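Structure first, commentary second.
Put into structure tokens, the structure is as follows:
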């Protein structure tokens with residue numbers, strides 16, 4: 225198997241793991257409070273990701289004061305993103321929320337231009353504007369499945385974009401899994417504090433199984449994401465990230481008996497097209513500037 229093929233398979237598997245995790249969490253949210261789900265899943269996720277850190281020998285590290293600051297800020301962004309995303313997930317269709325998440329690469333491109341002075345030609349700007357139009361098709365006020373909580377999803381995307389931009393400033397020698405471990409610790413601490421003001425609901429045996437499944441899947445998704453970054457060309461592998469929407473459409477229909485309307489699908493298609501065009505354009509520019 226070639227490196228590009230291996231990378232694409234890992235990316236598809238990673239997106240599937242994230243969507244199946246979201247499905248398990250959404251099922252838990254039908255009866256359990258948000259912070260209880262975050263807390264119980266967080267305990268197991270810390271253990272699982274800690275095990276991955278041990279397996280990949282990620283504990284040997286030396287962080288500068290700058291890196292510690294960035295890791296803490298990144299963790300705070302992840303806490304906000306988790307709260308906003310799970311709140312939206314509990315109250316809106318899975319596929320609709322996943323469609324909103326497809327806007328992330330475009331937001332990151334805008335952030336990189338604003339804060340890192342990355343150059344943006346008119347073609348990239350046009351792709352981003354078209355992507356915003358696609359988001360407008362998805363966020364139609366007053367339609368079924370959308371409303372206040374759709375903007376929680378947008379807020380989650382913004383937080384994740386800031387998180388990923390901060391990640392670029394963390395020294396390259398800091399293991400990615402270690403940064404993820406600190407994030408899981410932060411989410412666990414946040415949910416444990418918030419749980420003090422939440423009524424505890426007894427958990428059934430079936431819900432315990434779902435919690436283990438969710439924690440295992442999200443940990444697997446993190447692990448696969450690390451492997452993806454080490455496999456194949458980014459320009460070839462990255463577009464397979466959009467398979468997450470296909471998984472969400474399938475699971476949303478089979479598990480929750482919901483399928484997005486035509487406007488939502490059209491908006492998602494516009495966003496995906498914009499993102500793919502930006503990737504293609506970036507790859508073409510890299511080839512033109514590559515020394516002979």
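Numbering (the working numbering), first residue to last: 225 to 516. Idealized CB from N, CA, C, for every residue including glycine. The structure displayed is predicted, hence computed values, not measured ones.
If we ignore side chains and look at the alpha-carbon of each, how far apart do residue i and residue j end up?
i           : j           : result
residue 340 : residue 346 : 18 Å
residue 471 : residue 236 : 9 Å
residue 262 : residue 492 : 28 Å
residue 429 : residue 349 : 51 Å
residue 450 : residue 364 : 35 Å
residue 253 : residue 383 : 22 Å
residue 257 : residue 423 : 8 Å
residue 464 : residue 311 : 27 Å
residue 249 : residue 435 : 8 Å
residue 280 : residue 399 : 9 Å
residue 293 : residue 486 : 44 Å
residue 323 : residue 371 : 15 Å
residue 228 : residue 344 : 27 Å
residue 473 : residue 467 : 10 Å
residue 232 : residue 421 : 43 Å
residue 374 : residue 259 : 20 Å
residue 504 : residue 327 : 17 Å
residue 427 : residue 255 : 9 Å
residue 361 : residue 488 : 6 Å
residue 325 : residue 432 : 28 Å
residue 251 : residue 338 : 39 Å
residue 307 : residue 378 : 12 Å
residue 490 : residue 407 : 34 Å
residue 418 : residue 359 : 32 Å
residue 516 : residue 291 : The pLDDT assigned to residue 516 is 48, lower than 50, so where the model puts this residue is not dependable, and the model offers no usable value.
residue 396 : residue 508 : 26 Å
residue 469 : residue 314 : 18 Å
residue 342 : residue 405 : 29 Å
residue 425 : residue 264 : 12 Å
Looking only at its own chain, which residues have a Cβ that is under 6 Å from the Cβ of residue i, when we skip the five neighbours before and after it?
i           : result
residue 266 : 411, 412 and 415
residue 445 : 238, 241 and 242
residue 484 : 319 and 320
residue 309 : 380
residue 369 : Its pLDDT being 48, under 50, residue 369 is placed unreliably by the model, and the measurement read from it follows with that caveat. The residues are 316, 317 and 320.
residue 276 : 401 and 447
residue 332 : 385 and 388
residue 167 : Any question about residue 167 goes unanswered here, given that the chain covers just 225 to 516.
residue 244 : 441
residue 376 : 308, 311 and 312
Under 8 Å Cβ to Cβ from residue i, same chain only, skipping five residues before and after it: list those, please.
i           : result
residue 403 : 295, 298, 391 and 394
residue 387 : 298, 301, 302 and 305
residue 335 : 385, 386 and 389
residue 283 : 277 and 402
residue 330 : 351, 352, 355, 356, 495, 498, 499 and 502
residue 409 : 270 and 299
Kindly indicate which three-state DSSP category residue i falls into: helix, strand or coil?
i           : result
residue 320 : helix
residue 483 : coil
residue 245 : helix
residue 450 : helix
residue 394 : coil
residue 282 : coil
residue 371 : coil
residue 422 : coil
residue 233 : helix
residue 400 : helix
residue 334 : helix
residue 442 : helix
residue 262 : helix
residue 410 : helix
residue 329 : helix
residue 348 : helix
residue 364 : coil
residue 502 : helix
residue 255 : coil
residue 428 : coil
residue 342 : coil
residue 415 : helix
Could you pull out every residue in the same chain whose Cβ sits closer than 7 Å to the Cβ of residue i, ignoring the five residues on either side in sequence?
i           : result
residue 247 : 318, 475 and 479
residue 452 : 231, 234, 235, 238 and 461
Measuring only from the beta carbon, is residue i closer than 8 Å to any heavy atom that is part of the ligand SAM?
i           : result
residue 337 : For the ligand SAM, the structure offers nothing, since it holds no ligand at all.
Pair every Cβ in the region 478-497 with every Cβ in the region 271-281, then say whether three or more of these pairs are closer than 8 Å.
-> These segments do not touch.
State whether the region 284-292 contacts the region 433-445, with contact taken as three or more CB pairs (one from each stretch) at a distance under 8 Å.
-> At 8 Å Cβ cutoff, the stretches do not touch.
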